[in-house]
Every structure is written in C-alpha cells, then in structure tokens.
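Report on the structure given below.
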Amino acid sequence: MSRMTATGQSPVQFGIRLPVAGPLASPEAIVRVAREAERLGYDVVWVNDFIAWTTYQNSTHVSSGSLEAVENAGPDAEPTYFESLTTLSYVAGVTKAIKLGIAVLCLPFRNPIIAAKQVANVDVLSGGRMILGIGVGAAKSTHNVDFEVLGVSRVDKYDKTKDYLRAMIEIWTNPKPAYEGPFISFPETEFAPKPSQRPYPPIWFGGGGDKSVELCGEFGSGWLPPWVVPDEYPGRIARLKEAAARHGRDGVTFDIGTEVYVCIAKESSAATASAAKTVGVLPEGFNADATAAAVEAAGLIGSPEEIVDKLGRYVEAGVRCYEMKFIYHTVDDYVEQMQLFAESVISTHR
55 MSRMTATGQS PVQFGIRLPV AGPLASPEAI VRVAREAERL GYDVVWVNDF
105 IAWTTYQNST HVSSGSLEAV ENAGPDAEPT YFESLTTLSY VAGVTKAIKL
155 GIAVLCLPFR NPIIAAKQVA NVDVLSGGRM ILGIGVGAAK STHNVDFEVL
205 GVSRVDKYDK TKDYLRAMIE IWTNPKPAYE GPFISFPETE FAPKPSQRPY
255 PPIWFGGGGD KSVELCGEFG SGWLPPWVVP DEYPGRIARL KEAAARHGRD
305 GVTFDIGTEV YVCIAKESSA ATASAAKTVG VLPEGFNADA TAAAVEAAGL
355 IGSPEEIVDK LGRYVEAGVR CYEMKFIYHT VDDYVEQMQL FAESVISTHR
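Here it is as structure tokens:
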C-alpha cells in the first residue's frame with residue numbers, strides 16, 4: 055500500500071468501516087457505503103471480524119452505527135453481523151478500485167489453510183486490492199465468545215497466530231507448499247490461484263500491546279492500533295522498529311495507522327452530542343482502557359476545523375493511515391458525514 059509523494063513521505067490514506075454489524079447493517083447499506091466511499095475518494099473500505107455476535111455485543115461493542123440506532127431498533131432486533139471475508143468478496147464485485155481491508159482477521163480460531171485460500175481468492179477476484187489485517191482475537195473480558203463457541207483455547211493464541219501465519223505464507227509463496235508446525239501441518243500439495251499481490255497482500259496487525267507489536271515487527275507491513283493519541287506515536291513507532299530489527303527486518307517501512315472513532319458536523323457541539331451515547335458505552339464492549347476520555351482524546355470528533363487540526367498532529371507524529379469508525383444514527387447520516395469529511399478534511403491532504 056505504501057507509495058511515496060514528491061517529498062519522500064507516504065501519502066495520507068483514509069479508510070472507512072463498512073456497516074457490517076448492528077441494526078443498520080444490510081447488503082444494501084454495505085453496497086451503498088462502499089460505492090459512495092469509492093466515489094468520494096476514500097482509499098479503503100474496512101470490515102472487522104467476529105463469528106458469533108451477541109445481543110450484548112451489539113449494544114456495547116459499537117463500531118458500526120451508534121447506540122441510538124441499536125435503541126431505535128428495539129430489544130427484539132436480531133444481532134446482525136456480516137462475516138469478514140465473504141463480505142469483502144461481495145464488495146469486490148460492486149466496486150472497482152478501492153482497497154478492501156480487514157481490521158482484523160482473528161487468526162487463532164480459523165483454519166489457516168482455508169483462510170489462506172480465501173484471502174488469495176479475494177485478492178484475485180478484486181484485482182489485487184486486499185489488505186490483510188491480522189489479530190489474535192478479542193479478550194474474554196470484552197464478552198467475545200468466539201473462542202468458546204468454536205472450542206479454541208485462548209491460552210496459546212499468540213503462538214498459534216505465528217504458526218498459522220507461517221503456514222499461510224508457505225501456501226502463498228511456494229508452488230508446492232508443505233508445512234510442519236506445532237499447531238498446523240500439511241503434506242506437499244498445490245494451491246492456486248496465488249494472490250495477485252506478490253508475494254502476498256500487505257499484512258497489518260491490530261493491537262497496541264507488546265506482544266502485538268512484536269508480531270507486527272516479525273511479519274507486518276502495517277500497524278493499526280486503537281486509542282493512541284498523537285503524542286504517543288513517535289515512541290511507539292520506535293518500539294515497532296526495534297521489534298522489526300530483532301527479527302532481522304531492520305529498515306522495513308511500515309504503514310503506520312490508527313483505528314479511530316469519527317463524528318463530524320459543521321458545529322463542534324453537534325458532533326460531540328451525536329457521538330456521546332456511543333462513546334459512553336464503549337468501555338463495556340471493549341477493554342477497560344476504552345474510556346470515554348481515551349476515545350475522545352484519540353478520536354476525530356468535532357467540527358471540520360477541529361478535525362483538520364488534530365489530523366495534522368497525527369500526520370506530524372508519523373500516522374499516515376486512518377481506519378475510521380464513523381458514529382452515525384442512519385445510513386443517510388453516515389453518507390452525509392462521509393461527504394462532509396471528504397470535502398473538508400480529505401481535501402486538505404490531496
């Protein structure tokens with residue numbers, strides 16, 4: 055994904071989360087938002103990754119829509135969630151050029167052989183537009199139940215992620231791959247098609263903890279943590295580069311990103327009021343560190359002028375890629391915010 059401007063810096067990349075979860079999620083909404091993002095000049099459309107999705111998660115882990123949208127749907131509304139890879143395959147067919155990203159594929163509870171095949175397929179079907187974000191899965195404290203429902207242990211999820219990813223890279227890069235590892239093994243065989251992007255799609259990692267940074271240093275080309283304020287990025291980027299050096303990747307160029315909540319309105323007070331309920335419930339659905347103060351400190355919530363100012367501080371700190379989770383009460387509201395953001399914020403970086 056990285057390319058250089060005339061100044062030698064990577065350009066700023068703006069991506070948006072598709073409406074894949076909650077009462078506003080639907081095939082029609084996904085297509086509308088994806089096409090509108092492409093028309094407006096956004097760089098990436100992103101999905102996230104859960105298998106099971108409970109009513110409790112629907113009203114606390116809000117990263118598509120808003121708490122108001124959940125409340126308006128009523129207590130009997132089904133907790134809708136569209137699976138990541140199949141959704142991106144669908145979106146590939148209704149868009150032409152916009153990148154397709156997962157933030158992030160939870161690898162420990164997926165069969166890596168099947169996942170490698172699916173990722174390669176999406177990359178080929180989309181003409182090489184895939185960005186593969188990888189993570190180890192949400193903590194049990196966030197009320198995530200995927201590990202328990204699928205019968206997968208959480209204890210070894212970091213080691214399993216490394217092993218699975220090595221197997222996937224073998225599948226993508228070797229004409230006759232074979233792999234022997236502690237968690238997955240397969241005899242020599244053949245897999246085609248290989249990914250369109252060579253040697254394979256960009257691999258990004260979510261999470262800001264030491265173990266996640268170490269994974270990114272060993273395997274990644276991009277890093278996408280949440281809740282990180284601009285001032286913290288230089289030190290964290292330095293630690294990422296140190297991790298890369300420990301794995302013999304000294305000098306690698308990373309796409310540095312942030313997963314950030316966004317709510318924009320012409321008046322700052324309107325944006326803050328529109329986002330307040332959703333921001334307030336996030337500590338229940340995410341880790342305890344996702345306090346309202348932390349989300350607001352890291353977020354892009356306010357008027358266009360305020361967001362341009364804060365975005366400038368992120369860019370100065372080294373952040374070039376934005377996976378933005380807009381807070382919106384209807385799909386029409388989402389499209390209007392996307393338009394205002396493109397006209398008043400993205401335009402300042404083009």
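All the letters of the sequence shown, read from the start, carry residue numbers 55 to 404 under my numbering. The C-beta atom is built at its ideal place from N, Cα and C for all residues, glycine as well.
{"Query": "Quick check: the Cα distance between SER207 and PHE395, rounded to an integer number of angstroms?", "Result": "42 Å"}
{"Query": "Would you mind reading off the limits of the beta strand (DSSP E) that contains ASP309?", "Result": "309-318"}
{"Query": "Are the stretch 67-81 and the stretch 376-389 touching by the rule of at least three beta carbon pairs closer than 8 Å?", "Result": "yes"}
{"Query": "According to the neighbour-count rule (16 or more other Cβ atoms, all chains shown, within 10 Å of its Cβ), is GLU242 buried or exposed?", "Result": "exposed"}
{"Query": "Is it buried or exposed, TYR110, if we count other Cβ atoms within 10 angstroms and call 16 or more buried?", "Result": "exposed"}
{"Query": "Going along the chain, which residues of its own chain have a beta-carbon closer than 6 Å to the beta-carbon of THR215, five neighbours each way excluded?", "Result": "LEU161, PRO162 and VAL190"}
{"Query": "When the Cα atoms are used, what is the spatial distance from ASP217 to GLU397?", "Result": "44 Å"}
{"Query": "First and last residue of the beta strand (DSSP E) that includes ARG208?", "Result": "First-last for ARG208: undefined, no H or E at that position."}
{"Query": "When we look at the beta-carbon of LYS265 and count the other beta-carbons within 10 Å, is it buried (16 or more) or exposed?", "Result": "exposed"}
{"Query": "Of the choices VAL389, GLN391, THR402 and ILE381, whose alpha-carbon is the least far from that of VAL124?", "Result": "ILE381"}
{"Query": "Suppose only complete runs of 3+ residues qualify. What are the beta strand (DSSP E) ranges in the stretch 171-206, listed by chain order?", "Result": "184-189"}
{"Query": "Would you grab the beta carbon distance between ILE291 and ILE310 for me? Rounded to a whole angstrom, and I think it's under 8 Å.", "Result": "6 Å"}
{"Query": "I'd like to confirm the pairing. Which residues does DSSP put opposite GLU370 in its beta bridges?", "Result": "Note: GLU370 sits in no beta bridge, so no partner."}
{"Query": "In angstroms with no decimal places, state the Cα-to-Cα distance between PRO284 and ILE361.", "Result": "13 Å"}
{"Query": "Using the Cβ count rule (16 or more neighbours within 10 Å means buried), how would you classify LEU336?", "Result": "buried"}
{"Query": "Taking the beta carbon of GLU268 as the centre, do at least 16 other beta carbons fall within 10 Å, making it buried, or is it exposed?", "Result": "buried"}
{"Query": "Are PHE240 and ALA232 touching if we call contact CB-CB under 8 Å?", "Result": "yes"}
{"Query": "So what does ARG86 bridge to, in DSSP terms?", "Result": "Partner(s): none; ARG86 has no beta bridge."}
{"Query": "Looking at SER118 and ALA79, is the spacing between their C-beta atoms short of 8 Å?", "Result": "yes"}
{"Query": "Quick check: what's the CA-CA separation for LYS211 versus ARG164?", "Result": "11 Å"}
{"Query": "If you reduce the DSSP assignment to three classes, tell me which class TYR233 lands in.", "Result": "strand"}
{"Query": "Specify, as a first and last residue, the run of the beta strand (DSSP E) that ALA157 falls within.", "Result": "153-160"}
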